[in-house]
Amino acid sequence: MAGSSVAAGLAVAYTGAAALAALSERPELFGRAMVIVGLAEGIAIYGLIVAVMLIAKG
1 MAGSSVAAGL AVAYTGAAAL AALSERPELF GRAMVIVGLA EGIAIYGLIV AVMLIAKG
């Protein structure tokens, strides 16, 4: 769980910074930028699901 959360945090940090830079030049990219940041956040959700499954199994 911790590894996926750290990875998701790093991914959101880098993609969020790049998205803000792109939005400052082309505001019409807002939807695409949020999708990319959301996909990076999905890593943490997958980690949470795996952690819950492991706890329930044990």
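Residues 1 to 58 (the UniProt record's numbering) are what the sequence shown spells out, left to right. Where is the CB? At the ideal position from N, CA and C, for every residue including glycine.
Could you name the residues of the same chain whose beta carbon sits closer than 8 Å to that of Ala-17, not counting the 5 residues immediately before and after it, in chain order?
Same-chain partners within the cutoff: there are none.
Helix, strand or coil: how does DSSP classify Gly-58 here?
Coil.
Should Ile-55 go down as buried or exposed, given a rule of 16 or more other Cβ atoms within 10 Å for buried?
Ile-55 should be labelled exposed.
Quick one: using the 10 Å Cβ neighbour count with 16 as the cut-off for buried, is Val-12 buried or exposed?
Val-12 should be labelled buried.
Once the 5 residues before and after Met-1 are set aside, which same chain residues still bring their CB inside 8 Å of it?
For Met-1, where only same-chain residues beyond five positions count, the Cβ hits under 8 Å are Gly-47, Leu-48, Val-50, Ala-51.
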